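Residue numbers (my numbering), protein chains in the order written: chain G, 1 to 208; chain Z, 1 to 208.
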DNA sequence: CTTAAAAAATGAACTCATTCAATCTTTTTC
DNA sequence: GAAAAAGATTGAATGAGTTCATTTTTTAAG
């Protein structure tokens with residue numbers, strides 16, 4: 001009842017997560033050994049595995065924290081978006097992209113995405129997938145908002161359009177992290193080009 | 001000059017690829033050990049690594065063969081597509097999806113996709129990425145063809161539209177293989193819904 | 001306070017993927 | 001056709017992730 005056990009658990013969990021995140025940042029994912037993470041967190045290797053199913057899992061956990069921040073920042077844009085469809089979409093998406101490399105390297109993104117695909121049933125992969133779904137919803141909600149405002153034509157399936165725009169940007173982001181040489185600006189330009197036809201076509205003519 | 005060495009090399013390569021593909025199908029990717037693959041192919045473990053960089057690599061190789069078949073089948077559709085935009089897109093995409101699970105399980109797709117993300121510089125990952133690009137091009141070419149025929153409005157950026165449609169279907173396929181419970185029909189229906197707004201909007205009014 | 005039961009932590013042992021120095025085979029040279 | 005060079009094969013050794021029987025710590029019961 002005292003909760004000593006619960007407190008220790010939360011504390012260990014925090015230490016492990018912080019140890020892993022810092023090590024990943026310092027030496028990269030591959031070179032960070034479980035033994036090292038455990039040592040820095042002051043727990044045993046076995047204990048690490050009581051908290052995380054495997055090495056990929058803890059990376060997905062750190063990436064998930066990052067995605068949550070992006071979601072939060074996106075809220076502000078969706079609440080008060082620019083008036084034209086193209087600009088609104090672009091501002092939201094560019095914000096996603098800008099956030100992406102602040103704390104995480106391309107290598108970390110690659111490993112996290114690969115892990116969440118390979119083990120879709122581990123708890124943190126589920127969480128990552130869920131966050132992806134919330135990002136997708138955010139884009140759909142933006143389109144719906146623009147529709148209510150009259151910037152997007154009535155009768156358009158805003159959810160379908162939002163999903164397509166999100167899936168496109170997500171796939172482009174995947175290509176971006178796969179290509180170590182690609183610049184953030186290139187990614188943004190390409191996605192902007194892809195969004196233009198859709199944005200123009202769904203917009204009410206006079207606001208185009 | 002005799003080419004004995006080249007012949008032996010090709011033969012060993014074929015044996016390794018067949019051994020791996022059959023083992024993956026029989027026991028799944030994770031349970032198929034390199035040692036087992038090597039034994040079935042009648043080579044040593046070391047030789048396996050002379051032909052493939054790592055375990056993921058050979059899976060991506062088997063998947064690549066599959067994608068090439070899909071590409072080939074897609075050609076026929078692009079050469080002589082249905083007349084309406086929506087139908088043409090849907091026929092091509094459904095064909096991609098129908099082919100996908102003939103030889104490969106969802107687990108194999110997951111691992112292949114994860115590997116191609118995690119090690120984008122290995123030769124077979126490059127090849128997988130390149131095939132993905134060709135699939136993307138195929139969709140774009142279909143849209144261009146429809147535009148030439150007059151089914152798609154002139155002035156539309158056909159390449160951008162094709163890329164967006166492809167990235168969307170690719171991401172949806174990824175969600176599909178991540179969810180062991182999702183049926184192929186569900187995938188098709190969802191993508192069809194997503195494609196509708198885009199297809200309708202880019203179509204010339206009277207052909208809609 | 002003592003004891004029993006439950007929960008967690010531990011690290012040595014285990015499993016594989018991967019490497020590499022030694023060996024063998026094929027090709028080229030003279 | 002013998003010898004040297006080049007190209008491939010081999011499998012034992014390596015190393016990192018993961019497991020699990022044992023031990024320790026915490027909680028609950030009497």
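Don't be surprised by glycine CBs; every beta carbon is placed ideally from N, CA and C. In this text the structure is predicted, and so the values were computed from the model without any measurement.
Could you have a look at residue i and say whether DSSP puts it in helix, strand or coil?
| i | result |
| --- | --- |
| residue 27 of chain Z | helix |
| residue 152 of chain G | strand |
| residue 122 of chain G | coil |
| residue 105 of chain G | coil |
| residue 203 of chain Z | strand |
| residue 182 of chain Z | coil |
| residue 208 of chain Z | Because residue 208 of chain Z carries a pLDDT of 40, less than 50, the predicted location of this residue cannot be relied on, and the following value inherits that uncertainty. It is coil, neither helix nor strand. |
| residue 197 of chain Z | helix |
| residue 129 of chain G | helix |
| residue 42 of chain Z | coil |
| residue 162 of chain G | helix |
| residue 137 of chain G | helix |
| residue 11 of chain Z | helix |
| residue 191 of chain G | helix |
Is the distance from the Cβ of residue i to the Cβ of residue j below 7 angstroms?
| i | j | result |
| --- | --- | --- |
| residue 173 of chain Z | residue 136 of chain Z | no |
| residue 203 of chain Z | residue 131 of chain Z | no |
| residue 108 of chain G | residue 29 of chain G | yes |
| residue 59 of chain Z | residue 37 of chain Z | no |
| residue 152 of chain Z | residue 85 of chain Z | yes |
| residue 187 of chain G | residue 176 of chain G | yes |
| residue 90 of chain Z | residue 73 of chain Z | no |
| residue 71 of chain Z | residue 110 of chain Z | no |
| residue 40 of chain G | residue 19 of chain G | yes |
| residue 197 of chain Z | residue 156 of chain G | yes |
| residue 185 of chain G | residue 106 of chain G | no |
| residue 182 of chain Z | residue 171 of chain G | no |
For chain Z, is any of its Cβ atoms less than 7 angstroms away from the one on residue i?
| i | result |
| --- | --- |
| residue 161 of chain G | yes |
| residue 137 of chain G | no |
| residue 1 of chain G | Its pLDDT being 45, under 50, residue 1 of chain G is placed unreliably by the model, and the measurement read from it follows with that caveat. Chain Z contact via Cβ: absent. |
| residue 34 of chain G | no |
| residue 178 of chain G | yes |
| residue 114 of chain G | yes |
| residue 193 of chain G | yes |
| residue 197 of chain G | yes |
Could you pull out every residue in the same chain whose Cβ sits closer than 7 angstroms to the Cβ of residue i, ignoring the five residues on either side in sequence?
| i | result |
| --- | --- |
| residue 88 of chain Z | 81, 82, 142, 146 |
| residue 140 of chain Z | 158, 159, 162, 163 |
| residue 35 of chain Z | 45 |
| residue 103 of chain G | 66 |
| residue 42 of chain Z | 15 |
| residue 79 of chain G | none |
What residue range does the alpha helix (DSSP H) around residue i cover?
| i | result |
| --- | --- |
| residue 46 of chain G | 45-51 |
| residue 33 of chain Z | That residue, residue 33 of chain Z, is in no alpha helix (DSSP H); it is neither H nor E in DSSP. |
| residue 66 of chain G | 55-79 |
| residue 87 of chain G | 85-100 |
Examine chain G for any beta-carbon lying closer than 7 angstroms to the beta-carbon of residue i, and answer yes or no.
| i | result |
| --- | --- |
| residue 168 of chain Z | yes |
| residue 203 of chain Z | no |
| residue 157 of chain Z | yes |
| residue 118 of chain Z | yes |
| residue 108 of chain Z | no |
| residue 81 of chain Z | no |
| residue 153 of chain Z | no |
| residue 65 of chain Z | no |
| residue 182 of chain Z | no |
| residue 84 of chain Z | no |
| residue 111 of chain Z | yes |
Kindly list the residues whose CB is nearer than 6 angstroms to the CB of residue i, restricted to its own chain and excluding five residues on each side of it in sequence; keep chain order.
| i | result |
| --- | --- |
| residue 57 of chain Z | 122, 124 |
| residue 1 of chain G | Low confidence applies to residue 1 of chain G: its pLDDT is 45, below 50, so where it sits in the model is not reliable, and the reading given next is rough at best. Answer for residue 1 of chain G: no residue qualifies. |
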